[in-house]
Amino acid sequence: MKFIFAGTTEFGIPTLEKLMQDGHELLLCITQPDKPVGRKQQLSPSPIKVWAQGQNIRVSQPAKIMDAGPEISELKPDLLLVAAYGQIIPKEILDLPEKGSVNIHGSILPKYRGASPIQAALINGETSTGITLIVMDEKMDHGPIIATKEITITADDDFSSLYKKLSQLAALVCADILPEYTQGIIKANPQNHDSATYTKLLTKADGQIDWTHTALEISNHIRGYNPEPGTWTTLDGKLIKILGVKILNESKIELPGKLYRHADGLAVKSQDNSLLITKVQPEGKNPMSGRDFLNGIKNLDRMHFV
RNA sequence: CGCGGGGUAGAGAAAUGGCAUCUCGCAAGGCUCAUAACCUUGAGAUUGGCGGUUCGAAUCCGCCCCCCGCAA
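Here the numbering used here is used: the first residue of the first sequence is 983, the next is one more, and so on.
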């Protein structure tokens, strides 16, 4: 199988490595242009570009993917494989490869279509999720399903761990299914569009913690939002990122957001149970454990998250 | 020159010109049936670096290095 890959984040890398290992030919990686990043606004290449260059694979970074049309036609790929590219790809491009274009999606479609399926599964407290391969059409995450593969979400999973698991699962599914798909052995079946649900792109503003929610809701929120875009609250007018919590089997008679000393460190009251703060990052500081943070707090009695 | 916070003992924080302090951790001892609890004692610091002002600088001035939050 000869294919072209379009993607930007690390998500597709295990898949690419696996497919190449199996002897498939990766003709070209299409990725987003280098973007200014960080405080110094240094131009930085996407993870896919860095990887592809390390493998001596051709890279294309069109501002609009339409501009890559001629290059794609010329290479005559069997397939265009897309994972976390970050741009809507028009039908003209999707139809160029002989076997069309396939998207790797981080949920069991039609559930959690859109930009943040992995986070959505965590935020909603799902106990399982998975990978879906679909034939791409002009609507987002809408095309017929080639294959799905489910995995369990454990209580310990956060975005980083689940992302990693799913990217590795994607590699296995692609290696199993894509060769047969391009040979026409496997057919795709339409989604049940009536049961589709959608996720939006997460923003920093959405990361603010509402301490009047339940401990479970807050914990799921934090699991789904970290490390990006992150969850935060304020203490004494200053921004504090909350990087990790643990639900305590303890409910104090206090206002939501109230901080207090617990045998295992710093605890905070929610709507119901309290949460143990395991990792935080105050504005202007490095990340630290909840206990370290507690050591530096004066007047704890008067402190509460807002 | 986008805006801003910060660098003090292993960790987190005080101290705004005059003996570097507190909480945690660490070590030794005590109490205890026992302990993450409590009590004693102790070790651990060139206060990011260089220069300047001063009788005296963590503190004031200048330059440099490093870390981080926001924004993009």
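Positions of the beta carbon are idealized from the N, C-alpha and C atoms, including for glycine.
Inter-residue spacing [alpha-carbon to alpha-carbon] between residue i and residue j
i, j, result
"Ala1249", "Thr1260", "9 Å"
"Tyr1242", "Gln1190", "20 Å"
"Gln1023", "Pro1015", "14 Å"
"Asn1281", "Asp1218", "11 Å"
"Tyr1207", "Trp1193", "16 Å"
"Asn1106", "Ser1142", "16 Å"
"Asn1268", "Lys1031", "29 Å"
"Val1155", "Ile1224", "35 Å"
"Asp978", "Gly1036", "The requested residue 978 does not occur in the structure, where the chain is confined to residues 983 to 1288."
Cβ-based neighbour list, residue i, same chain, cut-off 8 Å, excluding 5 preceding and 5 following
i, result
"Leu1144", "Ile1100, Ala1103, Leu1104, Thr1111, Ile1135"
"Leu1237", "Lys1251, His1286"
"Pro1018", "Gln1024, Leu1025, Ser1026"
"Phe1275", "Leu1248, Ile1259, Val1262, Pro1264"
Proximal residues to residue i (C-beta, below 7 Å), its chain only, five neighbours per side dropped
i, result
"Asn1174", "Pro1092"
"Asp1246", "Leu1258"
"Thr1196", "Ser1252, Gln1253, Asp1254"
"Ile1229", "Ala1197, Leu1198, Ser1201, Asn1255, Leu1257"
"Ser1028", "Thr990, Thr1013, Gln1014"
"Leu1184", "Ser1098, Gln1101, Tyr1207, Pro1211"
"Ala1157", "Lys1000, Leu1001, Asp1004"
Close beta carbons around residue i, own chain, < 6 Å, minus the five adjacent residues each side
i, result
"Pro1264", "Ile1222"
"Ala988", "Ile1012, Val1064, Tyr1067"
Beta-carbon spacing of residue i, residue j below 8 Å
i, j, result
"Arg1095", "Asp1123", "yes"
"Ile986", "Leu1009", "yes"
"Thr990", "Ala1066", "yes"
"Ile1128", "Leu1148", "no"
"Thr1181", "Ala1097", "yes"
"Pro1044", "Leu1061", "no"
"Glu1053", "Ile1090", "no"
Reference residue i; option with closest CA among the options
i, options, result
"Ala1178", "Ile1086, Thr1164, Gly1125", "Gly1125"
"Arg1040", "Ala1153, Pro1059, Cys1011", "Cys1011"
"Gly1272", "Gly1226, Gly1266, Asn1231", "Gly1226"
"Trp1033", "Thr1194, His1244, Glu999", "Glu999"
"Ile1075", "Phe993, Asn1171, Met1048", "Met1048"
"Glu1108", "Asp1139, Thr1013, Ser1042, Leu1276", "Asp1139"
"Gly1005", "Leu1184, Met983, His1286", "Met983"
"Gly1239", "Asp1283, Gln1035, Ala1157", "Asp1283"
"Val1262", "Asn1231, Ile1235, His1087, Thr1215", "Thr1215"
"Lys1081", "Met1270, Glu1162, Lys1121", "Glu1162"
"Val1117", "Asp1158, Ala1137, Ser1042, Thr1164", "Thr1164"
"Leu1160", "Ser1083, Glu992, Lys1220", "Ser1083"
**Item:** Within the stretch 1039-1074, ranges of the beta strand (DSSP E) (whole runs, at least 3 residues)
**Value:** 1061-1065
**Request:** Report the residue ranges of all beta strand (DSSP E) runs contained in full by the stretch 1194-1256; include only those spanning at least 3 residues, in chain order.
**Result:** 1214-1217, 1220-1229, 1241-1244, 1247-1251
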